[in-house]
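Below: one structure, written as structure tokens.
Protein chains: 4
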Amino acid sequence: MKTRRVVVPELEKVLHKDYKVLDHGFVRVIDYMGDDSSVVQAARVSYGKGTKHVNQDAGLINYLMRHFHTTPFEMCEIKFHVKLPIFVARQWIRHRTASINEYSARYSILDKEFYIPDDSQISEQSCDNAQGRGKVLSKEFSQEVIDLLKHDATLTYNSYSRFLEKGLAREISRINLTLNYYTQWYWKVNLHNLLRFVRLRADEHAQYEIRVYAETILNIVKFWVPLTYNAFVEYCLEAKTLSKSALNVIRQLVNGQEVSRESSGMSKREWNDVMMILGK
Amino acid sequence: MKTRRVVVPELEKVLHKDYKVLDHGFVRVIDYMGDDSSVVQAARVSYGKGTKHVNQDAGLINYLMRHFHTTPFEMCEIKFHVKLPIFVARQWIRHRTASINEYSARYSILDKEFYIPDDSQISEQSCDNAQGRGKVLSKEFSQEVIDLLKHDATLTYNSYSRFLEKGLAREISRINLTLNYYTQWYWKVNLHNLLRFVRLRADEHAQYEIRVYAETILNIVKFWVPLTYNAFVEYCLEAKTLSKSALNVIRQLVNGQEVSRESSGMSKREWNDVMMILGK
Amino acid sequence: MKTRRVVVPELEKVLHKDYKVLDHGFVRVIDYMGDDSSVVQAARVSYGKGTKHVNQDAGLINYLMRHFHTTPFEMCEIKFHVKLPIFVARQWIRHRTASINEYSARYSILDKEFYIPDDSQISEQSCDNAQGRGKVLSKEFSQEVIDLLKHDATLTYNSYSRFLEKGLAREISRINLTLNYYTQWYWKVNLHNLLRFVRLRADEHAQYEIRVYAETILNIVKFWVPLTYNAFVEYCLEAKTLSKSALNVIRQLVNGQEVSRESSGMSKREWNDVMMILGK
Amino acid sequence: MKTRRVVVPELEKVLHKDYKVLDHGFVRVIDYMGDDSSVVQAARVSYGKGTKHVNQDAGLINYLMRHFHTTPFEMCEIKFHVKLPIFVARQWIRHRTASINEYSARYSILDKEFYIPDDSQISEQSCDNAQGRGKVLSKEFSQEVIDLLKHDATLTYNSYSRFLEKGLAREISRINLTLNYYTQWYWKVNLHNLLRFVRLRADEHAQYEIRVYAETILNIVKFWVPLTYNAFVEYCLEAKTLSKSALNVIRQLVNGQEVSRESSGMSKREWNDVMMILGK
């Protein structure tokens, strides 16, 4: 149909398309509002007139991103249909500034679909990262994990089915399902809050299973608002925040002075992080 | 341009159109996302499958509105360009769940445009409503008010202009302007929060100068999402919340019993409000 | 210790006390800020001076509640420590305007504690309420449900334990647990948003397992802010919102006129709801 | 009075004390909840057990601040009474995640108190900063500015007084006042959002008149939560975020390589900012 609103042809092409994520999940764009020009338009009402050429729009968007002028990015909105395991949904929903309508297992029956990690994700507890994964475990143990996950999810679903068959209320039946069962929801969010979600969840410290969703969404952002995407990568995703002490160390290094962790006031961990950033 | 998104032809017709409000203000729709069907679609993912006929959509939307199932209404979004006096902007911004980019007088120069109420709005302080207006004042005094408002606004603008001419920083120059000067902003909000704004600001207790904006917006809602509009009027705008005690009184009246304020436990004010609702 | 802040002796008595909920859950008050007088103080800065006697504070609080002047209730804050099943946590977290820190199973190991409903809660699917429970099921089937829930939760925990023992990352091990496992969190919220939570979750349409938490919290509100509690019960919890059409019907009934559903414009369901409210 | 809640003796001493700001403004702490230990407690429920010594609490708080783990900082809350010019209030209120009750000029009469900058703040428009101030203007012109500001504020107040005397509604009378008149409000906010406010408004790009409020509040934060204060200064207030390109430049400099703006891909402005950070 025809519209007089801003249209993004690249995004139109993929509307309603399934981006597959994990073994049964997906991300679909259902609707959107605005594009890079909406960010620029809002910035110009706030910050006064400017010129109109593309490279100047890019410059303005870079400026906004670099200086944390976040409100113009709130002028764009997007709505996704997402299918995801419940344990991922539990992390995702911590981002409060979005609108959500989730499939309700009080009203409807959940399908027999659960997430099983593939071999490459069956990893040991990380030693230096209390929340993460370390190296991949043995083939043998991996297979045992996969078999047990499948067995337990199937078994709990069988009980769930039996409960429903015998007339038990849905809202109580579903409590027997495991956290790797899939749910789905509409998720609507503005561009600013979307980028915050991506920054936290596409990070290497995020759990793999939510990271793949965040990466899929980042890809869609690239189609939708390419100038904002570039600014985001440059000034946010691949930028680093350096502490007062770290900046002192860097100033000394740049001036050819010697530095040591002891004199820097930094913890071992922070020192190592900074040295890694500097490629030392 | 062509889009595969939901399109609302009635709203497309008035995109970018000025709805005049007060003496120099306006409301313009700049962009939107979704329509009644988006509300229905979100409700159905939450509450399970349903049928598709129009009257059933209306029934579902009525049900959602009546039972405070508010999240499906968050699935629609709209963006306005609004020009409004600063004192109105100060009330408007108390609605926190919206995105705003306001014209900044730190960056740009404000036009010489200020609000002057017309005769019909030059009213005395209300006696029974601590915040409102009572009856219209004399023609003579009205004229004096109008003259003084014009005089003072003009004079403060002259100083403002002089400050700017002589190079004083804009951010300090503007503090000399009166609260009836016009500002403008982009205001983007979801349908649920828009309706909350309208309910509070189209109310008879709201100040006239914001009420006319709320009424203009309510009119636009009617084009945009007619089923939601009807449900909103029926279950919200023209509905009344009756207290536990008021319900007791009504039950007695309906059963033909006598009631008195003294036995009802209600304050005089509340009693009068209830009697007015009952047309007594 | 001594403080110059507002203190609520009745609430101090129960600080850190466990209020037991369900089979292993609890609610504990950890901290609070403000009381009824804070609501009054905020209202008076907004609405001007008033008198100080207790019954006038009550009158002012009633007025605020009755007229949806909600911001003064935001001036009080409370923090709870709550232990609750994961499926309850999933409903609870939909209330976005609160601060939460949840026990993380990425960092720590979950205890072997899961929720098993007692007989009285093993009910069939409701016929007239798509999301609720109907009458209690047979003793025999109840026992089967309880046995299966225990069996499945135990079995999935055994796999979880085996995973951890063999070194599998905690963040992946936990996905095998069922939704009735207990989690815990700190939940901090202002009084206005707390009352919204209670209104929705202490409602008869809320799932039993969250309702008992909401009722426990409502009890605590009674100690904390007794005037606000009374106003909340009178003007919110036991009040009803009547639609435009329902008000028309009531006006006719009060005037001794005949009414029928057909002429009222109401749906069967709404008509029945209104008749129930009127005790007809 | 006695309380079993967390108490901060340093903050108790200054409860209700006026911190003077600008010519007639103030900041007063009215109430608070929690301290550094509340942040630590929340982090430990999320991230597992840890030790209890003071320097370890500091380490944990530093870790949280450095890694943007913001939710534990939401566990502390503070309430201020603030008196401030209306044009400052207009900037302040853009921080949406706080609770506010403002003195209402619809209900009450505003005092004849307006802000007049002192000489040192009568500056010219900045050349390189579109929103800021440059060098101080001549004594002579300064005096003219001050005289005009006083004259116009007095004159508009005279009209305001006349309007009220003759019975014009307060809500319309007040629109004649200038933006430098003082208003007041209660402002209640959690520690996380308070620090965001301080970071943006204590910044050198913020307008002087809001910066002095932010600095006053930062001082109070130092009494209240000293460990959080230190972490905030180190990892936020005096930290810098360096873009992907800036990090490349720094890596080259640290390794003793030559760099040029042309090869860096940075704009002139960004290049200059980076060189200033490096003390070059």
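Residue numbers (the UniProt record's numbering), protein chains in the order written: chain E, 1 to 280; chain R, 1 to 280; chain B, 1 to 280; chain Z, 1 to 280. Every residue gets a Cβ at the ideal spot worked out from N, C-alpha and C, and that includes glycine. Note that the coordinates shown come from a computational prediction; the quantities given were computed from them, not determined experimentally.
In its own chain, which residues sit with a C-beta less than 6 Å from the C-beta of residue i, not counting the 5 before and 5 after it?
i: His95(B); result: Phe197
i: His205(Z); result: none
i: Ala58(R); result: Leu227
i: Ile30(Z); result: Lys79, His81
i: Ser264(Z); result: Ser245, Val249
Per DSSP, residue i forms a beta bridge with which residues?
i: Ser99(R); result: Lys188(R)
i: Lys280(E); result: In DSSP, Lys280(E) forms no bridge with anything.
i: Leu15(R); result: Val29(R)
i: Arg90(R); result: Bridge partners of Arg90(R): none, in fact.
i: Tyr182(B); result: Pro85(B)
i: residue 281(B); result: Residue 281(B) falls outside the range modelled here, since chain B spans only 1 to 280, and no answer is possible.
i: Gln125(B); result: Arg133(B)
i: Leu168(Z); result: Glu124(R)
When we look at the beta-carbon of residue i and count the other beta-carbons within 10 Å, is it buried (16 or more) or exposed?
i: Phe114(E); result: buried
i: Gly50(R); result: Reliability of the predicted coordinates at Gly50(R) is poor, the pLDDT of 49 falling under 50, and the value obtained from them is presented with this limitation in mind. Burial call: exposed.
i: His192(B); result: buried
i: Ile78(Z); result: buried
i: Thr183(B); result: buried
i: Phe80(B); result: buried
i: Phe26(R); result: buried
i: Arg5(Z); result: buried
i: Gly279(B); result: exposed
i: Ile122(B); result: buried
i: residue 281(B); result: Coverage of chain B is limited to positions 1 through 280, which leaves residue 281(B) absent and any answer about it impossible.
Put residue i into one of helix, strand or coil per three-state DSSP.
i: Arg28(Z); result: strand
i: Ile109(Z); result: coil
i: Leu22(B); result: coil
i: Ile116(B); result: coil
i: Val6(R); result: coil
i: Thr241(Z); result: strand
i: Val136(Z); result: strand
i: Leu64(B); result: helix
i: Ala206(B); result: coil
i: Glu258(Z); result: coil
i: Gly265(Z); result: coil
i: Val40(E); result: helix
i: His69(Z); result: coil
i: Ser142(R); result: helix
i: Val225(E); result: coil
i: Leu177(Z); result: coil
i: Met275(R); result: helix
i: Gly50(Z); result: Any answer about Gly50(Z) is weak, because its pLDDT of 49 lies below 50 and its placement is not dependable; what the coordinates show is given next. Note: Gly50(Z) maps to coil in three-state DSSP.
i: Ser159(Z); result: helix
Who are the near neighbours of residue i in its chain, counting only those whose CB is closer than 7 Å to its CB and skipping five residues on each side?
i: Glu10(B); result: Phe223
i: Ser173(R); result: Tyr160, Phe163, Leu164
i: residue 344(E); result: Outside the shown range of chain E, which is 1 to 280, sits residue 344(E), and nothing can be said about it.
i: Pro117(R); result: none
Might you give, ordered along the chain, the residues of its own chain that have their beta carbon closer than 8 Å to the beta carbon of residue i, omitting 5 neighbours on each side?
i: Ala89(Z); result: Glu102, Thr183, Trp185
Exercise for the section: Could you run through the region 108-124 of chain Z and flag, in chain order, every residue whose CB is less than 8 Å away from some CB of chain R? Expected result: Tyr115, Pro117, Gln121, Ile122, Ser123, Glu124
Exercise for the section: Could you please tell me which residues of the region 145-159 of chain Z, in chain order, have their CB closer than 7 Å to any CB of chain R? Expected result: If the cut-off is 7 Å between Cβ atoms, the region 145-159 of chain Z has Val145, Leu148, Leu149, Asp152, Leu155, Thr156, Ser159 near chain R.
Problem - Residues within the region 250-268 of chain R neighbouring chain B, beta-carbon criterion of under 8 Å - result: Ile250, Arg251, Leu253, Val254, Asn255, Gly256, Ser267
Practice task
Taking a Cβ distance cut-off of 9 Å, strictly less, list which residues of the region 203-219 of chain E are near chain Z, in chain order.
Solution key: Cβ contacts with chain Z come from His205.
Practice task
Could you please tell me which residues of the region 233-248 of chain E, in chain order, have their CB closer than 9 Å to any CB of chain Z?
Solution key: For the region 233-248 of chain E, the set of positions with a beta-carbon nearer than 9 Å to some beta-carbon of chain Z reads Val233, Glu234, Tyr235, Cys236, Leu237, Glu238, Ala239, Lys240, Thr241, Leu242, Ser243, Lys244, Ser245, Ala246, Leu247 in chain order.
Practice task
Check each residue of the region 69-86 of chain E: if its Cβ is closer than 9 Å to any Cβ of chain Z, include it; give the result in chain order.
Solution key: Thr71
Problem - Residues within the region 175-187 of chain R neighbouring chain Z, beta-carbon criterion of under 8 Å - result: Ile175, Asn176, Leu177, Thr178, Leu179, Asn180
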